[in-house]
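Worksheet: one structure, shown below.
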Amino acid sequence: MNNQAFLLERLLQINPWIGQAKGTEQAMNMIKALMPVKYIPRQPSKPVLNQDRAVVIIGPRQAGKTTFAWHCLREFAPDVLYLNMEDVLLKSALDSPFILADWLRNRLSFIQALFIDEIQHMQEAGLFLKGLVDARLGRPILATGSSSFHLHARTRESLAGRAVRMKILPFSLGEMTSQVSVHNPLAREQQAQDKLKDSLIYGSYPAVHLADSRDGKQQILTDLCEALILRDASDVHRIQRIDAFRKLIALLAGQVGSLINIAELASHCQVDSGTVHSYLEILEESHIISRVRPYAGGKRREITSAAKVFFIDNGVRNLLVRNLTENFAARGDKGALLENWIFSELMKALPMTANLQYWRSKSGAEVDFVITTGNDIYAVEVKSAVLRTPKLSRSARSFIDAYQPQTFSLVNMSLNAEISIRTTQVIFLTPPAFAAALQAEPPWGRL
């Protein structure tokens, strides 16, 4: 069997609906079998699918990228060609975009949309997409990638002007409570509180969110960490010192929200600083952690270089420190947990063009998060305390005096209130209220 004949056979195996009569119940049922019974709407709006640019959806494993992609393509079903690049046989046979382009013009001319899943497994993902877009096939192209490490390394230049990027992360609190009617505020508030408690400890990956038992959530988290850390580390990133990689991520999990010291981490892991830097890049590009760098506007003596590390998901972080204790109030790390949760909610809500940083002066004043977009500044402080009155810390006042942000939000466990300091609106918000504010109109409503 020649390569093209093998490729056609493999495509038909992966796309059994091809060849079925258009619109038949059997063809549609084959497509529906790939989708979850219950679809939870995601915060990013459906991208505009056109023929001039590909849409590339990035995000961690099992965050719902494939489900979201199928949801975006439902109007084209069943005339969608699905390519899963985790399939070794398909990947080895499909080594040129020109072969696929030729087939879509001739043998598969009835196909209306192209879906390439897990494209980071291709050696030259960007060049492959570039070739398809430049072929002007007259069909929308949608691709997903669970590790942007390879996408960044190989596609940034080749996809310039040819692709729109968007990000799908684990569920936000707003997404997890979106199924409750807005006309039942008490039920919505109660569910928000329940889901907050759950996601602080177990995180919000879709499978974890949908699991109906504590044991189920823990098993899913264990399997997920195995895939994210061990499988990808060895199979995708070819890391030689798996022991050092595992130790580094465990150390980072215990230092959430703290300034990281590269030399100290290297010493603990018994590797050099360059190796730590490369491991951090892999973890970040795999959407496991994110480094938050300092904001320095020059109006105070400020820290300008040291980064903080946060985890994209609380559940992954808690599993790594081996602490899934559900009593949040009794936990010794509740401050770090809440700060990490607020970070993850911000990451899910902010556009990819926004800058998320922290602020710290050399005299010790600090603000947890500073968001900048253009000339606008927003600040967020996180306190895991019960507040009775709307009072600000000296650090908060120092930042407001220096930079006059549009809003200064103080997330706490009890108080919803508003005050003004000159031109800055200061908003005290409980975590559910903060999450709801992020769902409001741009720029992120009432931060």
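The sequence shown begins at 1 in our numbering and counts up by one.
All C-beta atoms in this analysis are idealised placements derived from N, C-alpha and C, irrespective of residue type, glycine included.
Residue i Cβ short of 7 angstroms to the ligand ATP heavy atom set
{"i": "F310", "result": "Of the ligands one can find in the structure shown there are none, so the ligand ATP has no counterpart to examine."}
Residue range of the unbroken alpha helix (DSSP H) whose run includes residue i
{"i": "I14", "result": "N3 to I14"}
{"i": "Y378", "result": "Unbroken run through Y378 is the beta strand (DSSP E), D376 to V382; no alpha helix (DSSP H)."}
{"i": "A125", "result": "A125 to D134"}
{"i": "A163", "result": "Per DSSP, A163 belongs to no alpha helix (DSSP H); it is in the beta strand (DSSP E), A163 to K167."}
{"i": "L100", "result": "P97 to R105"}
{"i": "A160", "result": "No alpha helix (DSSP H) contains A160, which DSSP labels as neither H nor E."}
{"i": "L259", "result": "Here L259 belongs to no alpha helix (DSSP H), and DSSP marks it neither H nor E."}
Spatial neighbours of residue i in its chain, beta-carbon cut-off 7 angstroms, leaving aside the 5 residues before and after
{"i": "R293", "result": "A307 and Q357"}
{"i": "S258", "result": "K308"}
{"i": "R422", "result": "Q404"}
{"i": "A153", "result": "Reliability of the predicted coordinates at A153 is poor, the pLDDT of 48 falling under 50, and the value obtained from them is presented with this limitation in mind. Counting only Cβ-Cβ distances below 7 angstroms, and skipping sequence neighbours, we find nothing."}
{"i": "V382", "result": "L338, E339, I342, D368 and V411"}
{"i": "A296", "result": "E302 and T304"}
{"i": "A417", "result": "P390 and F428"}
{"i": "E86", "result": "E118 and H121"}
{"i": "F98", "result": "G131"}
{"i": "S158", "result": "G126, L127 and K130"}
{"i": "L248", "result": "L265, C269, V276 and Y279"}
{"i": "A187", "result": "V180"}
{"i": "P47", "result": "V55, C72, V164 and M166"}
Beta-carbon proximity list for residue i, same chain, < 8 angstroms, skipping 5 on both sides
{"i": "L251", "result": "L265, H268 and C269"}
{"i": "Q43", "result": "S172, G174, E175, K348, A349 and Q439"}
{"i": "E366", "result": "Y358, W359, R360 and S395"}
{"i": "E449", "result": "The first residue shown for the chain is 1 and the last is 447, placing residue 449 beyond what the model contains."}
{"i": "T353", "result": "T373"}
{"i": "S478", "result": "For the chain, the structure presents residues 1 to 447; residue 478 sits outside this window and is missing."}
{"i": "A5", "result": "none"}
Close-in-space but distant-in-sequence residues of the same chain around residue i (CB under 6 angstroms, 5 per side omitted)
{"i": "G174", "result": "A435 and Q439"}
{"i": "Y202", "result": "V208, K217 and G315"}
{"i": "L415", "result": "L387 and F428"}
{"i": "V133", "result": "A54 and R162"}
{"i": "R300", "result": "S361 and A402"}
{"i": "M35", "result": "W70"}
{"i": "I262", "result": "S273 and V276"}
{"i": "A372", "result": "Note that residue 372 is Thr in the sequence shown here, rather than Ala. Closer than 6 angstroms at the Cβ level, and outside the excluded window around T372, lie N355."}
Residue range of the unbroken beta strand (DSSP E) whose run includes residue i
{"i": "S146", "result": "Neither: S146 is in no beta strand (DSSP E) and is coded neither H nor E."}
{"i": "T275", "result": "No beta strand (DSSP E) holds T275; the alpha helix (DSSP H) holding it covers S273 to E285."}
{"i": "I427", "result": "T424 to L429"}
{"i": "F311", "result": "K308 to F311"}
Residue i - partner residues in DSSP beta bridges
{"i": "D117", "result": "N84"}
{"i": "E418", "result": "I427"}
{"i": "P294", "result": "Y358"}
{"i": "V411", "result": "V382 and L429"}
{"i": "E175", "result": "Note: E175 sits in no beta bridge, so no partner."}
{"i": "E302", "result": "S361"}
{"i": "I289", "result": "F311"}
Practice problem: State whether the stretch 75 to 87 contacts the stretch 109 to 118, with contact taken as three or more CB pairs (one from each stretch) at a distance under 8 angstroms. | Solution: Because the criterion of three Cβ pairs below 8 angstroms is met, the stretch 75 to 87 and the stretch 109 to 118 touch.
Practice problem: Could I get the ranges of all uninterrupted alpha helix (DSSP H) runs contained in the stretch 179 to 249, with 4 residues as the minimum, in chain order? | Solution: The qualifying runs are 185 to 202, 206 to 210 and 214 to 225.
Quiz item: Touching or not, the stretch 315 to 327 and the stretch 220 to 230, by the rule of three or more beta carbon pairs under 8 angstroms?
Solution: Three or more Cβ pairs drawn from the stretch 315 to 327 and the stretch 220 to 230 lie within less than 8 angstroms of each other, which places the two stretches in contact.
Quiz item: Per the contact definition of three or more C-beta pairs closer than 8 angstroms, is the stretch 157 to 177 in contact with the stretch 63 to 76?
Solution: In short, these stretches touch, since the Cβ pair count reaches three.
Quiz item: What are the uninterrupted segments assigned as alpha helix (DSSP H) that are 4 or more residues long and contained completely in the stretch 324 to 405, given in chain order?
Solution: Qualifying alpha helix (DSSP H) stretches, in chain order: 334 to 349 and 394 to 403.
Exercise. Starting from the N-terminal side, write out each stretch of the beta strand (DSSP E) that is 3 residues or longer and does not extend beyond the stretch 9 to 94.
Key: List check, beta strand (DSSP E) in window: 54 to 58 and 80 to 84.
Quiz prompt | Touch test, the stretch 48 to 61 against the stretch 88 to 95, Cβ-Cβ under 8 angstroms, three pairs minimum | solution = Segments in contact, no.
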